[in-house]
Amino acid sequence: MKKTILFLATLAVSVAAALAQNAAPAGNAENGKKLWVKNNCYSCHGYEGHGGSVGPKLAPKPISMVAFMAIVRHPPQSTMPTFTARVISDSDLRDMWAYLNAIPAAPAYKDVPLLNAIQ
Amino acid sequence: MATSKNTDRRGFLKGAAALAGAAPIALAPQSVLAQTAAAAPAETPARTVEVLTNERPGADFMMDVIKSLGIEYAAANPASSCRGLHESMINYGGNKSPELLTALHEESSVAMAHGYAKIEGKPLIAMVHGTVGTQHAAMAIYNAWCDRVPAIVILGNETDATARRSFVEWTHAAQDAAAIIRDYTKWDDNPTSLQHFAESLVRAYRIAMTPPMGPVAIIANAKLQEEPIEEKGLRVPKLTPVLHPVGDSGAILETARMLVNAENPVIVAGRMTHNQAGMTLLAELADTLQAPVNDQRNRVNIASSHPFYNTGNVVNADVILALEVEDIFMLTHRMSQLNRIGMEPPKKIIKDTCKVVSISSVELFQRSNYQDFARYNEVDMAIPGDAQATLPLLIEACKKLITGDRRAAMQARGAKLTAQYKKNKETALTEATLGWDSSPLTPARISAELWAQIRNEDWSLVGNDMFFGRWPSRLWDFEKHYQFIGGSGGEGVGYGAPAAVGAALANRKYGRLTVNIQNDGDLNYAPGVLWTAVHHNIPLLSIMNNNRGYHQEVMFVTTMAARANRDVTRAGIGTKLDKPYIDYATMAKTYGMTGIGPITDPKDVGPAIKRAIEVVKAGEPVLIDTVTQGRG
């Protein structure tokens, strides 16, 4: 319980900090794509943030940039490492979020003949 | 021991003086005799002839014993300490039952035996040098041990120090050759006579095949192999059918009561099924109780098309029945994740009131050094016995205890589970669309492409899909026990390719279409097994999960760097297989196999699989190199 409160408090601080940065320019998706690979985020979450057996799906339709940054800085109980600003800057995180946000929606499985044939 | 004979007593006496004190002379080769025949005098000097042929070496009797066990194949990288047995196998034994398979690494020999046994349900022989060969084979033996799979490893060794002919034979001899594998074999012996060998090999077979199954090792003394049979009254011992131990009937009755009265029972199956009968029994238990079955995918325990497949949640369970589940602690607890500093106490994730019953043959035999037995299983009832063999008793007991009220409650539960199954399938299909057109390819896309082309065949997936996001397990219908053989057991990398070849060999006589998902890191341990598949005409479709690195380790090193507040971008050093990329299609071609790829465009996967299936149906192996995501 104590840990949950601590986490929520940390999350709130992070959210506030991130909100304060909302005035910052929107991220650069093209650069974010490179950073996504360079920082090995693809390794768990897939090259297009679509998730895998280790990392959850992040794209398409990622969570808000504020929540994204808060989780990267203070991940919950999971295998997700904590990335401080010394390791990945806020600017780089914004670029990566912009990349995830630019990923187009996936088709419905019923529109994919190979998958529709499986159901 | 060679013998000397007098070819002509009269001649010998005449020539004795000339030859006195000289070493025995070998007969000249036939061609030399022919050339000198015309010039030969009417009477030649007598010679002492040492007979250097032996038409009944000990290895022939060893073969008689091996043949009595019905073993189909022996995989071996040729070893001088096994040369006698090798020769007897191919000539005296006619190279049939067992047929000798040329392996290019001892690890491959044992892993082929491992894959073969999981399809065929019986062992084949891996024949290795007692020293360096055993060292090479050790990891594969450990995998078979952890996976509870039978294999017979014959170690060649020159036990008699006075019989070693060179320094190499000294370096290739050991006082206790099986010592380095004793911690992960069920039994070993070092026979000192042929009759001893016979009894020990038959005993070893029984031990290997008795649950918990596992590898065994027998040393074939080189001198026993090569020297003439001198023992009298040799006989091949009888092998009686191996019966599987059944759990205690009283404990089974109590388990049945718990299951029948439970509101949320969950059945968890580990290495449970030995064959199709095991799948049928588990489905019958699930249907009887209308209970979910969580399959740990070490084998096919229940059809993935069964409406209760993977629909259970142990968190809500009031009774958990664990069938040949080895790590019950990790089934019922969570440990601190790697993103936490230090270890917090394990967190129990099941209810305090939940009862856990384990039926497992592993209770009957364990070793202490290697820690594959996992944390202590603090269960409510541990029933030693083979789970598959025990199921008929449990099913019968459950059926007798089910009342009308309980049946109605169970049917309501079954309807919910069926709905959950449909929901799980929908989720899988929806998630499979993510990254559908991505390059590198997603394992979901490759799995869907494969399924479309094999689903109407008699297929068998012999590669583990753990590093492939379990996509085949999520999308395909597994209904036969041979359609999936799980993983290596000990997670020793290098198992995949040779185990797939061994499994494909077992499938060959049934005409099954064998498919392997081949991890790139795994193939690089001993790729020579590709040649073995070609050389022995073993049809096998291998599709590369070529993520160009050891991505489990990329993740670990990234996490370590992040924990240390250091540069995560350097985690690729020592973990990625780039600069240059490895061209697996060319590698396959080098070994004489059809190689296709590398494929980076998802649209090219379907046509490549179509072409590959044609090759496999013609009786040959083929490899498709697909460049894939980091981790499925």
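Those sequence lines, one after another, are chains Z and L. Read left to right, the first sequence gives residues 1 to 119 (the numbering used here). Read left to right, the second sequence gives residues 1001 to 1632 (the numbering used here). Quick reminder that beta carbons are idealized off the backbone N, C-alpha and C, glycines included.
Item: Whole-Å CB distance - T1559(L) paired with N1339(L), under 8 Å assumed; Value: 7 Å
Item: Cα-Cα separation, D111(Z) to E1426(L); Value: 14 Å
Item: 8 Å Cβ cutoff, S91(Z) in contact with chain L; Value: no
Item: Cβ pair G1494(L), D1520(L) closer than 8 Å; Value: no
Item: Burial state of M1213(L) (16 or more Cβ within 10 Å); Value: buried
Item: Local conformation of G1021(L) per DSSP, three classes; Value: Any reading at G1021(L) is ruled out, since the residue's pLDDT is 39, under 50, leaving its predicted position unreliable.
Item: Three-pair Cβ contact test at 8 Å for the stretch 51 to 66 of chain Z versus the stretch 92 to 112 of chain Z; Value: yes
Item: Boundaries of the alpha helix (DSSP H) in which A1291(L) is found, first to last residue; Value: Unbroken run through A1291(L): none, as it is neither H nor E.
Item: Distance between P1237(L) and R1164(L) (C-alpha atoms, nearest Å); Value: 31 Å
Item: For M1587(L), the first and last residue of its enclosing alpha helix (DSSP H); Value: Y1584 to T1590
Item: Distance, P1498(L) Cα to T1185(L) Cα; Value: 20 Å
Item: Through-space distance from N1077(L) to D1060(L), alpha-carbon basis; Value: 20 Å
Item: Residue from R1271(L), N1275(L), V1319(L) and T1273(L) with nearest C-alpha to A953(L); Value: The question about residue 953(L) has no answer here: the residues shown for chain L are numbered 1001 through 1632.
Item: Continuous alpha helix (DSSP H) assignments of at least 4 residues falling wholly in the stretch 1460 to 1542 of chain L; Value: 1471 to 1475, 1496 to 1508, 1520 to 1523 and 1529 to 1535
Item: Opposing strand residues paired with Y1649(L) [DSSP bridges]; Value: Outside the displayed range of chain L (1001 to 1632) lies residue 1649(L), so it cannot be described from this structure.
Item: Those residues which DSSP pairs with W1187(L) across a bridge; Value: V1216(L)
Item: Assumed close pair G1592(L), Y1116(L) - CB separation to whole angstroms, cut-off 8 Å; Value: Not quite, the Cβ-Cβ distance comes to about 22 Å (not below 8 Å), so this is no contact.
Item: Segment contact flag, the stretch 1544 to 1560 of chain L with the stretch 1469 to 1483 of chain L, C-beta cutoff 8 Å, min 3 pairs; Value: no
Item: heavy atom of the ligand NAD below 7 Å from R1235(L) C-beta; Value: What this structure holds is no ligand at all, so the ligand NAD is not there to describe.
Item: Anticipated Cβ contact below 8 Å, N39(Z) with V1568(L), distance rounded; Value: 5 Å
Item: Cutoff 8 Å: W1451(L) Cβ touching any chain Z Cβ; Value: yes
Item: Buried or exposed (CB count within 10 angstroms, at least 16 for buried), D1601(L); Value: exposed
Item: Any C-beta of chain Z under 8 Å from that of Y1551(L); Value: Here residue 1551(L) turns out to be His, not Tyr, going by the sequence shown. So, interface residue.
Item: Cβ of F68(Z) within 8 Å of any chain L Cβ; Value: no
Item: Interface partners of R86(Z) on chain L, CB under 7 Å; Value: N1565
Item: Option nearest V1260(L) by Cα separation, candidates D1405(L), E1199(L) and N1298(L); Value: D1405(L)
Item: 8 Å Cβ cutoff, L1434(L) in contact with chain Z; Value: yes
Item: 9 Å Cβ cut-off: residues of chain L touching K57(Z); Value: E1431 and L1434
Item: Assigned secondary structure, K1579(L) (DSSP; H/G/I helix, E/B strand, else coil); Value: coil
Item: Buried or exposed by the 16-neighbour rule on C-beta atoms within 10 Å, applied to W1471(L); Value: buried
Item: Given L1634(L) as reference, the closest of L1285(L), G1342(L), E1226(L) and R1182(L) once Cα atoms are compared; Value: Residue 1634(L) falls outside the range modelled here, since chain L spans only 1001 to 1632, and no answer is possible.
Item: CA-to-CA distance, V1462(L) to N1524(L), given in whole angstroms; Value: 18 Å
Item: Members of the stretch 1330 to 1346 of chain L that neighbour chain Z once the beta carbon cut-off is set at 8 Å; Value: Q1337, L1338, N1339 and R1340
Item: V1246(L) versus K1610(L) - alpha carbon distance; Value: 46 Å
Item: Per-residue contacts from G1469(L) into chain Z (C-beta, under 7 Å); Value: G52 and S53
Item: Nearest-angstrom Cα separation, counted from R1570(L) out to V37(Z); Value: 12 Å
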